[in-house]
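Here the structure is laid out as structure tokens; the discussion comes afterwards.
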Amino acid sequence: MVNRDWTVLGEKVTSWINEAADQLRASLSKPLEVSEKSAHNDLVTNMDRSIEQFLIGKIRADYPNDKIISEEGYGDGVKDKRGVLWLLDPIDGTLNFVMQKRFFAISIGIYENGNGKAAFIYDVMADELFHCITGSGAYQNTRKLSALTDIAIDDALIDLSPTWLKPNRRIHEEIMTEIVRRSSGTRAYGAASLELAYVAAGYLDAYFTMRLSPWDYGAGLILLTEVGGLCSRADGSPIDILTKQSVLAARPGLHQYMSDHIREQVNQGRFIKEPE
Ligand code: IPD
Ligand code: CA
Ligand code: CA
1 MVNRDWTVLG EKVTSWINEA ADQLRASLSK PLEVSEKSAH NDLVTNMDRS IEQFLIGKIR
61 ADYPNDKIIS EEGYGDGVKD KRGVLWLLDP IDGTLNFVMQ KRFFAISIGI YENGNGKAAF
121 IYDVMADELF HCITGSGAYQ NTRKLSALTD IAIDDALIDL SPTWLKPNRR IHEEIMTEIV
181 RRSSGTRAYG AASLELAYVA AGYLDAYFTM RLSPWDYGAG LILLTEVGGL CSRADGSPID
241 ILTKQSVLAA RPGLHQYMSD HIREQVNQGR FIKEPE
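In the working numbering, the protein residues as written are 1 to 276.
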């Protein structure tokens with residue numbers, strides 16, 4: 001066990017996030033340097049890099065023995081879950097940041113020996129911080145989030161990208177159609193950390209994707225667990241916080257319904273394929 005005052009850590013992280021958010025808001029009135037990573041819609045900007053360096057500098061100064069996994073490559077080559085591990089996304093929703101100048105977040109999840117300890121997801125333009133210290137409740141700014149109750153699929157609002165409903169290499173395109181057809185409606189916001197926070201806050205009933213990285217879901221997984229939500233891979237198997245994988249996050253009964261449905265479809269011969 002690491003001897004740490006998590007409340008003090010929470011205050012520090014919140015002040016770092018506020019400072020980083022000021023930099024991000026200020027950057028929107030200046031020209032952005034945008035470049036492509038793996039694809040034309042996989043973007044990185046000068047701000048992704050500079051916010052990551054800023055936050056890592058703060059973490060290293062105050063918690064020099066901790067390990068960091070972050071998107072833009074300034075973190076550590078982490079091989080195991082021992083000690084304190086920070087999962088950091090300096091801008092989650094870079095495409096939104098570039099194209100919409102809204103609906104992007106700073107996401108920080110902190111684990112101790114693989115157990116979620118603290119989560120911070122900050123919607124920069126809405127000035128909304130979703131946060132928790134494990135065991136002390138989850139909050140949207142100062143509002144305490146309620147424990148999640150169950151909902152029937154017919155009444156549920158499901159967040160999933162249209163990507164998973166057309167031919168793709170991760171999931172047979174018809175697996176999710178029954179869920180979409182039966183649901184109240186669907187949404188896709190393009191910032192995974194916020195989508196997970198919205199499930200935790202009860203604004204969405206489920207979030208589903210076939211491909212997410214540790215920095216995308218690290219904080220959301222902790223927040224959702226704090227309010228009694230469930231988060232797993234598409235087939236219901238547990239998330240491994242060190243790898244890319246599918247993510248199914250939902251209210252408890254709905255999670256069971258959706259993971260059962262996906263497993264049945266797989267048993268009938270339709271494929272799902274985890275990221276390698
Ligand atoms: C992306 C967003 C998006 C999700 C992608 C992520 P980024 O993060 O969270 O909603 O569908 O898989 O990579 O690249 O904007 O930090
Ligand atoms: Ca991300
Ligand atoms: Ca990012």
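Glycine residues also receive a C-beta, built at the ideal position from the N, C-alpha and C atoms. Computed from a predicted structure; not experimentally measured.
Restricting attention to Ile56, Ala197, Lys273 and Val227, the CA atom closest to the CA of serine 136 is found in Val227. Taking 7 Å as the cut-off, one finds at least one heavy atom of ligand 3 near enough to the beta carbon of proline 90.
According to DSSP, residue pairing for tyrosine 74 in a beta bridge does not occur. As computed with DSSP, tyrosine 189 is found in no beta bridge at all.
Assignment of histidine 40 by DSSP, reduced to helix, strand and coil, places it in the coil class. Taking a 10 Å sphere around the C-beta of lysine 144, we find fewer than 16 other C-beta atoms and assign the residue as exposed. Within the same chain, and ignoring the five residues on either side of threonine 163 in sequence, no residue has its Cβ closer than 7 Å to its Cβ. Only buried fits alanine 119, as 16 or more other CB atoms lie within 10 angstroms of its CB. Beyond the five residues adjoining it in sequence on each side, alanine 105 comes within less than 7 Å, by CB distance, of Asp92, Gly93, Ile121, Tyr122, Asp123, Val124, Ala191, Ser193 and Leu194 in the same chain, given in chain order. Aspartate 123 has its Cβ no nearer than 7 Å to any heavy atom of ligand 2. By the Cβ test, the region 80-87 is in contact with the region 101-116, since at least three Cβ pairs between them sit closer than 8 Å.
Taking the Cβ of glutamate 36 as the reference point, every heavy atom of ligand 2 lies at 7 Å or farther away. Taking the CA atoms as reference points, glycine 218 sits about 16 Å from leucine 55. Pairing leucine 242 with valine 78 gives a Cβ-Cβ distance under 8 Å.
Rounded to whole angstroms, the separation of the alpha carbons of aspartate 235 and leucine 95 is 28 Å. Residue nearest to leucine 248 within the set Ser184, Arg182, Asp159 and Pro167 is Asp159 (criterion: CA-CA distance). Shortest gap from the CB of threonine 209 to any heavy atom of ligand 1: under 7 Å.
For phenylalanine 54, the enclosing alpha helix (DSSP H) starts and ends at 46-62. Less than 8 Å separates the beta-carbon of alanine 156 from that of aspartate 205. The DSSP assignment places complete beta strand (DSSP E) segments of no fewer than 3 residues inside the region 170-246 at 185-187, 206-212 and 230-232, in order along the chain. DSSP places glutamine 256 within a helical segment (H, G or I) once states are collapsed to three. Comparing C-alpha distances from isoleucine 175 to each of Asn267, Asn3 and Ala21 shows the shortest one belongs to Asn267.
In this structure, tryptophan 16 keeps its C-beta atom at 8 Å or more from the C-beta atom of lysine 67. Taking a contact as a CB-CB distance under 8 Å, the pair arginine 182 and aspartate 150 does not count as one, their CB atoms being some 15 Å apart. Per DSSP, the unbroken alpha helix (DSSP H) holding glutamine 23 starts and ends at 6-27. Look at glutamine 268 here: in three-state DSSP terms it is coil, with no helix or strand label. For asparagine 65, there is no enclosing beta strand (DSSP E), as DSSP marks it with neither H nor E.
Proline 238 and cysteine 231 have their alpha carbons spaced roughly 8 Å apart.
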